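Working notes, structure below.
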Amino acid sequence: MATTGVMRPGHIQLRVLDLDESVAFYKDVLGLVETGRDAAGRVYFKAWDERDHNSVILRQADRAGVDLIGFKVKDKATLEQLDKDLQAYGVATERIPAGELLETGERVRFTIPTGHVMELYAEKTDVGNGQPYTNPDPWIAASEHGIAPHRFDHCLLYGPNLEENLKLFTEVLGFHLVERVLLEDGKSLLATFISCSHKAHDLAFVAHPEPGKLHHLSFLLDSWEKVLRAADIMSMNRVSIDIGPTRHGITRGSTIYAFDPSGNRFETFCGGYETYPDHAPITWTFDEVGAGIFYHDRKLNERFLTVVT
Amino acid sequence: MNAPAPKVFHQVTIVETGEVYRCREDETLLAGMERLGKRGIPVGCRGGGCGVCKVQVEAGEYSKRVMSRAYVSAEEEAAGIVLACRVKPLSDLRLAVLGKMKKNVCATPSAAAADARQS
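Sequences listed follow chains A and B, in order.
1 is the number of the first residue of the first sequence in full-length UniProt numbering; add one for each residue after it.
1 is the number of the first residue of the second sequence in full-length UniProt numbering; add one for each residue after it.
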């Protein structure tokens, strides 16, 4: 599949309760690379293998959770077209000037039906992954520091209006539905997993009465062994582990979930499968959703399903 | 090599269940409960962010760290309503559980989705 239009989740801005504690965690335990700090006090990170300047931005606040998620689009013409398409569809958009986030171009900001703030942007400075673009090595010292994921991969968001939300992402933003979970009635959506690329999910949603909630943000590792190593690093550092290591039925990823020092849940995972827009979506029925979520436990886990920030 | 300093313990009583456990002064009320495999206070993120372990301290002294204003207001905090994952005991202590996984955690997925459809 040629990746056009919306390409990938590019940045997420998180609220944290104690900035210094959180910076130490994201840098030395999760193993992201700090790339900058701005006048507003926000701290910027990227995963070692990411090329753009930042992907995770921390902001100190009096409550945890997610401020916004940004998707990188192919180029400026695409950004202009998508802004027009969103407005034509009836979605109000706002322009955030270039430079408001460090090393990031102009952004088109809007609120989706689940209550989350989304942004599209075309430009973020390529600072590289620590390797030249000519004759690189496969990995570098930074890829061994902490858990050290390859990239910020996707997130799972909780909010209302899943049907309307799915329509917006598939009809305007070019995503396709990869997997879904249905409620007892066999029709209404409990969860959707959508992709704008080859990935099994670039974004996922679960129906929830409160808008704008974060279930988790996820980071990609490249093997099951690295997932176990992540679990060891979490326990060595007394990180609050939620569940795992285990495997998902939905998307097939192997995974461990934990919480950052402010209670924002994150995932480090590997695997899953590749998807294409012509693939029929996979459906999970409500009576089997336990196995869909955690394939070995095969039952619902209250904390995993309901604790959000 | 010097021996490590002796650990200081306090007795924590959960009013509803009568559960009593020994909690170290250098660990949170929630961590102390979990480490001994005890139950009573609902366990969420353990980071002051999700509000699940909300308790009312009825008696006893404690130290505390910043916790989410989405779940504990300044007035509540002043009145001893806190998140058990952010509080460490400085004396024996009695607490009542307020969280009961009420806010987000009581809702089954289907109930949450039903609420979402109504809103």
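Ideal Cβ positions, reconstructed from N, Cα and C, are used throughout, including at glycine.
Predicted model only: the values in this text are computed from it and were never measured.
Output, in chain order, the set of chain A residues within a Cβ distance shorter than 8 Å of V43 of chain B. One-based indexing of the second sequence puts residue 43 of chain B at position 43. Neighbours of V43 of chain B on chain A, chain order: R303.
Give a yes or no on whether 8 Å exceeds the smallest Cβ distance from T251 of chain A to chain B. Mapped onto the first sequence, residue 251 of chain A falls at position 251. By the rule that beta-carbons nearer than 8 Å mark a contact, T251 of chain A does not touch chain B.
Does the Cβ of residue 336 of chain A have 16 or more other Cβ atoms within 10 Å, making it buried, or fewer, making it exposed? In the structure as shown, chain A begins at 1 and stops at 309. Residue 336 of chain A is therefore absent and cannot be evaluated.
Which residue from A:G146, A:T283, A:P9 and A:L79 puts its Cα closest to that of A24 of chain A? For the purposes of this step, residue 24 of chain A is identified with residue 24 of the first sequence, where counting begins at 1. Comparing C-alpha distances from A24 of chain A to each of A:G146, A:T283, A:P9 and A:L79 shows the shortest one belongs to A:G146.
With three or more beta-carbon pairs closer than 8 Å as the criterion, would you say the region 30 to 47 of chain B touches the region 80 to 91 of chain B? Cβ pair count under 8 Å is three or more, so yes.
Are the C-beta of S119 of chain B and some C-beta of chain A separated by less than 8 Å? Against the second sequence, residue 119 of chain B aligns to sequence position 119. In this prediction, S119 of chain B scores a pLDDT of 37, lower than 50, which makes its location untrustworthy; the coordinate-derived value is nonetheless stated afterwards. S119 of chain B has a beta carbon lying within less than 8 Å of a beta carbon in chain A.
Give me the chain B residues within the contact set of F259 of chain A, using Cβ-Cβ distance strictly less than 7 Å, ordered along the chain. Translated into the one-based positions of the first sequence, residue 259 of chain A becomes position 259. The contacting residues are C45, R46 and G47.
Sub-8 Å separation of E106 of chain A and P97 of chain A beta-carbons: Position 106 of the first sequence, counted from the start, is the residue given in the question as residue 106 of chain A. Position 97 of the first sequence, counted from the start, is the residue given in the question as residue 97 of chain A. It is a contact, given that the beta carbons lie within the stated cut-off.
With distances taken from CA atoms, which of A:A148, A:L120 and A:T134 is nearest Y26 of chain A? Position 26 of the first sequence holds residue 26 of chain A. Restricting attention to A:A148, A:L120 and A:T134, the CA atom closest to the CA of Y26 of chain A is found in A:A148.
Delimiting residues of the alpha helix (DSSP H) encompassing D83 of chain A: Taking the first sequence and counting its residues from 1, one reaches residue 83 of chain A at position 83. Secondary structure note for D83 of chain A: its alpha helix (DSSP H) is the uninterrupted segment K76 to Y89.
Using a cut-off of 8 Å between C-beta atoms, extract the partners of N264 of chain A located in chain B. Against the first sequence, residue 264 of chain A aligns to sequence position 264. Within chain B, the residues placing a beta-carbon under 8 Å from that of N264 of chain A are C45, G47 and G49, ordered along the chain.
Using DSSP with H/G/I as helix, E/B as strand and the rest coil, what is Y26 of chain A? By one-based count along the first sequence, residue 26 of chain A stands at place 26. Three-state DSSP puts Y26 of chain A in a helix.
Only counting the same chain, and skipping five residues up and downstream in sequence, which positions put a Cβ closer than 8 Å to that of S110 of chain B? Counted from its first residue, the second sequence places residue 110 of chain B at position 110. With a pLDDT of only 48 at S110 of chain B, under 50, the local geometry of the prediction cannot be trusted, and the value read off the model is given with reservation. So the list is empty, once near-sequence residues are dropped.
Contact with chain A by E70 of chain B, beta-carbon distance below 8 Å: Start at 1 with the first residue of the second sequence, and residue 70 of chain B comes out as number 70. It should be noted that the sequence gives Ala, not Glu, for residue 70 of chain B. Output row for A70 of chain B: interface = yes.
Do the CB positions of L166 of chain A and H216 of chain A come within less than 8 Å of each other? As a working mapping, residue 166 of chain A is identified with position 166 in the first sequence. As a working mapping, residue 216 of chain A is identified with position 216 in the first sequence. Result no, Cβ atoms of L166 of chain A and H216 of chain A do not sit closer than 8 Å.
Flag this pair as touching only if the region 253 to 260 of chain A and the region 222 to 233 of chain A have three or more C-beta atom pairs under 8 Å; answer yes or no. Yes: the two stretches touch, three or more of their Cβ pairs being nearer than 8 Å.
For G80 of chain B, the three-state DSSP class (helix, strand or coil): Counting from 1 along the second sequence, the entry for residue 80 of chain B is found at position 80. Of the three classes helix, strand and coil, the one that applies to G80 of chain B here is coil, per DSSP.
Return the Cβ separation of residue 310 of chain A and T275 of chain A in integer angstroms, given the expectation that the two are a contact with Cβ distance under 8 Å. As displayed, chain A neither begins before 1 nor continues past 309, which places residue 310 of chain A out of reach and without an answer.
Quick one: grab the DSSP three-state call for M234 of chain A. Position 234 of the first sequence, counted from the first residue, corresponds to residue 234 of chain A. Shown here, M234 of chain A sits in a helix according to DSSP, grouped into three states.
Which residue or residues does DSSP assign as beta-bridge partners of I96 of chain A? Position 96 of the first sequence, counted from the start, is the residue given in the question as residue 96 of chain A. According to DSSP, I96 of chain A shares a beta bridge with A:R107.
Taking CB distances under 8 Å as the criterion, tell me whether V52 of chain B reaches chain A. Taking the first residue of the second sequence as position 1, residue 52 of chain B is located at position 52. At least one CB of chain A lies nearer than 8 Å to the CB of V52 of chain B.
Run down chain A in chain order and give the residues with a C-beta less than 7 Å from the C-beta of V66 of chain B. The residue labelled residue 66 of chain B in the question sits at position 66 within the second sequence. Result: L17 and D18.
Helix, strand or coil: which one does DSSP assign to F175 of chain A? Sequence index remark: in the first sequence, residue 175 of chain A carries index 175 (1-based). Reduced to three states, the DSSP call for F175 of chain A is coil.
Let me know if Y133 of chain A comes out buried or exposed under the rule of 16 or more other beta-carbons within 10 Å of its beta-carbon. The residue given as residue 133 of chain A occupies position 133 in the first sequence. With a 10 Å radius around the Cβ and a threshold of 16 neighbouring Cβ atoms, Y133 of chain A comes out exposed.
Looking at the C-beta of V6 of chain A, does it have a partner C-beta in chain B at a distance below 8 Å? What you label residue 6 of chain A is simply residue 6 of the first sequence in a count that begins at 1. Taking 8 Å as the CB threshold, V6 of chain A stays off the interface with chain B.
Which one or two residues does DSSP pair with Q131 of chain A in a beta bridge? On the first sequence, residue 131 of chain A is found 131 positions in, with the first residue counted as 1. In the DSSP secondary-structure assignment, Q131 of chain A is not bridged to any residue.
DSSP beta-bridge partners for P9 of chain A? Position 9 of the first sequence, counting from 1, holds the residue named residue 9 of chain A. According to DSSP, which records beta bridges pairwise, P9 of chain A is partnered with A:F71.
For M118 of chain A, report the span of its beta strand (DSSP E) as first-last. The residue given as residue 118 of chain A occupies position 118 in the first sequence. Per DSSP, M118 of chain A is one residue of the beta strand (DSSP E) stretching across V117 to Y121.
Members of the UniProt domain "VOC" (8 to 123) of chain A near chain B, C-beta cut-off 8 Å: Of all residues in the UniProt domain "VOC" (8 to 123) of chain A, only L17, D18, D62, R63, A64 and G65 place a beta-carbon less than 8 Å from a beta-carbon of chain B.
Does any C-beta atom of chain B lie closer than 8 Å to the C-beta of L218 of chain A? Locating residue 218 of chain A in the first sequence gives position 218, where the first residue counts as 1. Looking at the sequence shown, residue 218 of chain A is not Leu but Ser. Interface annotation, S218 of chain A: not in contact with chain B, CB-CB separation never under 8 Å.
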